[in-house]
Structure formats: C-alpha cells, structure tokens
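The structure under discussion appears below in the form of structure tokens.
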Amino acid sequence: MADEIQIEAAGRSVRFTSPDKVLFPRQGWTKHDVAEHYLRCAPGAVRGVVRRPCSLKRWPEGVDEDFFFTKRAPGTLTHSVDVRFPSARPGRMPTVEDVGDIVEQVQLGVIDLNPWNARNADLDHPDEMRLDLDPTEGFSFDDCREVADACRELLEEQGLTGWPKTSGSRGIHVYVRIRSEWTFVEVRRAGLAFAREIERRLPGLATTAWWKEERRGVFIDFNQNARDKTIASAYSLRQTGLVSTPFTWDELTTIDPAAMTLDAFPDRWDSVGDLTEGIDDAAGGIEGMLEMVSADEERGLGDAPWPPHYPKQPDEPPRVQPSKRKMDE
Numbered sequence: 008m009a010d011e012i013q014i015e016a017a018g019r020s021v022r023f024t025s026p027d028k029v030l031f032p033r034q035g036w037t038k039h040d041v042a043e044h045y046l047r048c049a050p051g052a053v054r055g056v057v058r059r060p061c062s063l064k065r066w067p068e069g070v071d072e073d074f075f076f077t078k079r080a081p082g083t084l085t086h087s088v089d090v091r092f093p094s095a096r097p098g099r100m101p102t103v104e105d106v107g108d109i110v111e112q113v114q115l116g117v118i119d120l121n122p123w124n125a126r127n128a129d130l131d132h133p134d135e136m137r138l139d140l141d142p143t144e145g146f147s148f149d150d151c152r153e154v155a156d157a158c159r160e161l162l163e164e165q166g167l168t169g170w171p172k173t174s175g176s177r178g179i180h181v182y183v184r185i186r187s188e189w190t191f192v193e194v195r196r197a198g199l200a201f202a203r204e205i206e207r208r209l210p211g212l213a214t215t216a217w218w219k220e221e222r223r224g225v226f227i228d229f230n231q232n233a234r235d236k237t238i239a240s241a242y243s244l245r246q247t248g249l250v251s252t253p254f255t256w257d258e259l260t261t262i263d264p265a266a267m268t269l270d271a272f273p274d275r276w277d278s279v280g281d282l283t284e285g286i287d288d289a290a291g292g293i294e295g296m297l298e299m300v301s302a303d304e305e306r307g308l309g310d311a312p313w314p315p316h317y318p319k320q321p322d323e324p325p326r327v328q329p330s331k332r333k334m335d336e
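Start counting the sequence shown at 8; every next residue gets the next number (our numbering).
Structure follows, in structure tokens:
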C-alpha cells in the first residue's frame, strides 16, 4: 500500500498521498478511485468549474464521517483567486485551470466539486443561472422530471437553453448560461420570478416556499443564485456514490439516476461523451425574467427570504419561520 504517489494530470505531476484510503466503505472505493474518475471525464469536469471560485467540501475520513467546508484556499493549491464574500470580507478561494487542480482538491479530501456561478474575470456578474429542483418528503425524482420539463418549456419561451443533469442525490439541476451583464441580486431575483411562474403552472407540484414547514412538492431553490452559493458541478461524484450526470432533454423520461454509480459511469462516458459541450456558446439574456419580476411586484409579490448569513435586503420579508412568527404575535 503506497503512502504517496504522483498523478500525471494536465502535463504535470500532482503529489497524492494515501491513494488507497477508502472513502466509500460500502463499495470499497478509494481516494485514488475518485481522482481517476475526474481524470476520465476531465473535459466535462473541468468545463463545469474552470476559472470559478470553488468551495472545498472535504471528507477526509470518508463519506460515513462528517464533512466540512473550506472556502479559503490552502497553500498547497496551485491556483486561487481573490474574492469578496457576502459579508464583504476579502479572501482567496481555490480555483481550477485544468484537471490537475481538481486532483489537488481530491488530495485534500474533496469528493464533489462546488463552484460559484460567476467566473474569475468578473466575480460580480454571474454567467450562469442555476435551477435546483429538490423533491420534499413524499415526492420523487419522477416528480422532478415533470418540473424540469416545465422549466425547459419556460426557458425556451425566454429564448434560453437549459442544460439538465442529475443532482447525484434525489433531484435535478438545470444550468442556464447567461451573459455576464447582471448582478447576483438581479440574477437571484430573476430566478425567483422564474420559479414562481413554474409554481403557477404546476400548482401542488412545484413550490418556492423557503421555510421547510411550508414546503410540499418539488422545491425550486432560488437562493442557489446568491453570491457565494455553490452546487455540485457536472460530473461531480457525490457522497451517495452517484455521479451528477448531464443528460439530454430527450432522456428526461428515461434517465435512471440510480444507475449513475462511480463504477458504472465509465460506460456512460464512453457511450455519450461530454454532454455539456457547447454550453459556453449558449449564453442568453434574462431581460424577460426581469419583466416577470416587475409583474410579480404588481401582484404584490416582492422578494423572498435570503439565507441566514446574508445581509438583510431592503425589501426582504422577515427571516423568521411562519410558525414562530405566529407564536410571537
């Protein structure tokens, strides 16, 4: 059992310790297996994170133990970028230029990759809107299929292209490339208006209820578009042992997320290749969604709650769960 090896990645050698350490005890998959996964699907894996700040979600003792996040770049990483966090504090975060940088993250116990939705060249203006479809208790991946299809239809009405993938857990992610012309606040608010329209089209199935006590259905997490928020990127291996796998819209009714295991994924990759190719050429505008924001405001629908560690926004409703508000009244 080797204590240390050198992994060749993107034309350089990356120091890699404890390659035989088991990170997935049930399957017996090792730290080296995780690195080999990203080397295999490097074109797609890199495309999902390249030149974006990344949070490091670290599982040093494997998926049966606790994980922790590292946002500030450790000194062992080759590439990092200056950022401003939501608190306005400055810092340096990890970033990716090539698959060698991904292997360096795996060396630190990272399993899934968690990038911002903005690029290093302009960290104040996202180039991606993310639709995170998360089924609540009693709902399933099949329900996410129906919501995802409604998202596809509404995106097409807006002149935009959605790029779907399994989440690697219970839901579906749909990524939308946009031009870097709008702030995080504008993109998040546009995403909220989009989600509310889906909720209107699929009453009882789609929901934008922020408070868990009020959620029932497939939650469209609009807050994933806030500054510093991250979602596991395309081709990320999740702690579930499943790969967050891009698929075509033609596969929406047939894709089996449970089949996208680490050991089965090579056949999928060999069969269809990188299904995110072309995403960077599909950037569009959110002008239509911002018109939906105005229409919501005319209906009396303003902003929705932000995550707890963000500064209070001017027109944000109280960040107190409804049941507690009623008790305090």
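For glycine and all other residues, C-beta sits at the position ideal for the given N, C-alpha and C.
key: From Lys236, Pro101, Trp218, residue whose alpha carbon lies closest to that of Ala311   = Taking the first residue of the sequence shown as 1, we reach residue 311 at position 304. Comparing Cα-Cα distances from Ala311 to each of Lys236, Pro101, Trp218, the minimum goes to Trp218.
task = May I ask you to verify whether the stretch 272-286 touches the stretch 52-68, counting CB pairs closer than 8 Å and requiring at least 3?
result = yes
inquiry  = Considering only DSSP beta bridges, list what Thr173 is partnered with.
reply    = Position 166 of the sequence shown, counting from 1, holds the residue named residue 173. DSSP output for Thr173 lists Ile179 as bridge partner(s).
key: Cys48 - DSSP class collapsed to helix/strand/coil   = Residue 48 sits at position 41 when you count from the first residue of the sequence shown. Note: Cys48 maps to coil in three-state DSSP.
query = Do you know whose CA, among Gln165, Tyr45, Arg22, lies nearest Ala290's CA?
reply = Translated into the one-based positions of the sequence shown, residue 290 becomes position 283. Measuring from the Cα of Ala290, the nearest candidate turns out to be Gln165.
Backbone CA spacing between Val250 and Phe92 [nearest angstrom] = By one-based count along the sequence shown, residue 250 stands at place 243. By one-based count along the sequence shown, residue 92 stands at place 85. Taking the straight line from one Cα to the other gives about 29 Å.
inquiry  = Once DSSP output is grouped into helix, strand and coil, what is the label at Ala16?
reply    = Translated into positions along the sequence shown, residue 16 becomes position 9. Residue state for Ala16 is assigned as strand, using DSSP reduced to three classes.
ask   = Quick one: what does DSSP say Ser240 is sitting in, helix, strand or coil?
value = Position 233 of the sequence shown, counting from 1, holds the residue named residue 240. Ser240: coil per DSSP, three-state reduction.
key: Endpoints, alpha helix (DSSP H) assigned at Phe191   = Translated into the one-based positions of the sequence shown, residue 191 becomes position 184. Start and end: 191-208.
request  = Indicate the three-state DSSP secondary structure (helix, strand or coil) for Asp89 in the structure shown.
outcome  = In the sequence shown, the residue the question calls residue 89 occupies position 82. Of the three classes helix, strand and coil, the one that applies to Asp89 here is strand, per DSSP.
Cα-Cα separation between Gln13 and Leu46, rounded to whole angstroms = What you label residue 13 is simply residue 6 of the sequence shown in a count that begins at 1. What you label residue 46 is simply residue 39 of the sequence shown in a count that begins at 1. If you take the alpha carbons of Gln13 and Leu46, they lie about 14 Å apart.
query = Which same chain residues, not among the five before or five after Gly82, have their C-beta less than 7 Å away from its C-beta?
reply = Locating residue 82 in the sequence shown gives position 75, where the first residue counts as 1. Correct list: empty, nothing qualifies.
key: Presumed contact (8 Å Cβ cut-off) between Leu115 and Leu63, rounded CB distance   = Here residue 115 refers to the residue found at position 108 when the sequence shown is read from its first residue. Here residue 63 refers to the residue found at position 56 when the sequence shown is read from its first residue. With a contact defined as Cβ atoms closer than 8 Å, Leu115 and Leu63 qualify at about 6 Å.
Euclidean distance between Cα positions of Asp108 and Asp303 = Position 101 of the sequence shown, counted from the first residue, corresponds to residue 108. Position 296 of the sequence shown, counted from the first residue, corresponds to residue 303. Going by the C-alpha atoms only, they are around 43 Å apart.
ask   = Can Glu43 and Leu84 be called in contact, C-beta distance under 9 Å?
value = The residue given as residue 43 occupies position 36 in the sequence shown. The residue given as residue 84 occupies position 77 in the sequence shown. Cβ atoms of Glu43 and Leu84: not closer than 9 Å.
task = Thinking Phe75 and Pro171 are a contact (beta carbons under 8 Å), I'd like their distance in whole angstroms, please.
result = Taking the first residue of the sequence shown as position 1, residue 75 is located at position 68. Taking the first residue of the sequence shown as position 1, residue 171 is located at position 164. About 30 Å; that fails the 8 Å criterion.
key: Contact belief for Arg184 with Asp287 at Cβ below 8 Å, rounded distance in angstroms   = Here residue 184 is taken as the residue at index 177 of the sequence shown, counted from 1. Here residue 287 is taken as the residue at index 280 of the sequence shown, counted from 1. Sure, about 7 Å apart at Cβ, within 8 Å.
ask   = Given Asp119, which residues of its chain have a CB within under 8 Å of its CB, disregarding the five upstream and five downstream residues?
value = One-based indexing of the sequence shown puts residue 119 at position 112. Only Lys64, Gly175, Ala239, Ser240, Ser243, Leu244, Arg245, Gln246, Ser251 meet the Cβ criterion.
key: Whole-Å CB distance - Gly35 paired with Val29, under 8 Å assumed   = Numbered from its first residue, the sequence shown carries residue 35 at position 28. Numbered from its first residue, the sequence shown carries residue 29 at position 22. Cβ atoms of Gly35 and Val29 come within 8 Å of each other, at about 6 Å.
ask   = Hey, is the stretch 224-238 in contact with the stretch 125-145, meaning 3+ C-beta pairs nearer than 8 Å?
value = Judged by pairs of C-beta atoms under 8 Å, the stretch 224-238 touches the stretch 125-145, as three or more such pairs exist.
message = My assumption, with CB atoms under 8 Å, is that Ser187 sits in contact with Asp134. Please give the rounded CB distance.
response = To locate residue 187, count along the sequence shown from 1; it is residue 180. To locate residue 134, count along the sequence shown from 1; it is residue 127. Ser187 to Asp134, Cβ: 5 Å. Contact.
request  = Drop a sphere of 10 angstroms on the beta-carbon of Arg137, count the other beta-carbons inside from all chains shown, and report buried for 16 or more, exposed for fewer.
outcome  = For the purposes of this step, residue 137 is identified with residue 130 of the sequence shown, where counting begins at 1. With 16 or more Cβ atoms within 10 Å of its Cβ, Arg137 is classed as buried.
key: Pro329 to Ser147 span [Cα, whole Å]   = Start at 1 with the first residue of the sequence shown, and residue 329 comes out as number 322. Start at 1 with the first residue of the sequence shown, and residue 147 comes out as number 140. Distance between the alpha carbons of Pro329 and Ser147: 26 Å.
ask   = If Ile205 sits next to Ala266, beta carbons under 8 Å apart, how far is it from one beta carbon to the other, in whole angstroms?
value = One-based indexing of the sequence shown puts residue 205 at position 198. One-based indexing of the sequence shown puts residue 266 at position 259. No, Ile205 and Ala266 are not in contact; Cβ-Cβ is about 27 Å, not under 8 Å.
query = For Trp313, which of helix, strand or coil comes out of DSSP?
reply = As a working mapping, residue 313 is identified with position 306 in the sequence shown. In this structure, Trp313 counts as coil in the three-state DSSP scheme.
task = Would you mind giving the Cβ-Cβ distance between Ser87 and Thr102, rounded to the nearest angstrom? I have them listed as a contact below 8 Å.
result = To locate residue 87, count along the sequence shown from 1; it is residue 80. To locate residue 102, count along the sequence shown from 1; it is residue 95. The Cβ separation is near 6 Å, so the contact holds.
query = I think Thr209 touches Val154, with their Cβ atoms under 8 Å apart; what is that distance to the nearest whole Å?
reply = As a working mapping, residue 209 is identified with position 202 in the sequence shown. As a working mapping, residue 154 is identified with position 147 in the sequence shown. In the sequence as presented, Thr is not what sits at residue 209; that position holds Leu. About 6 Å separates the two Cβ atoms, so the contact holds.
key: Beta carbon of Asp131 nearer than 9 Å to that of Phe229   = Indexing the sequence shown from 1 puts residue 131 at position 124. Indexing the sequence shown from 1 puts residue 229 at position 222. No, they are not a contact pair.
ask   = Looking at Trp256 and Arg177, is the spacing between their C-beta atoms short of 9 Å?
value = Taking the first residue of the sequence shown as 1, we reach residue 177 at position 170. Taking the first residue of the sequence shown as 1, we reach residue 256 at position 249. Their beta carbons are not under 9 Å apart, which means Arg177 does not touch Trp256 by this criterion.
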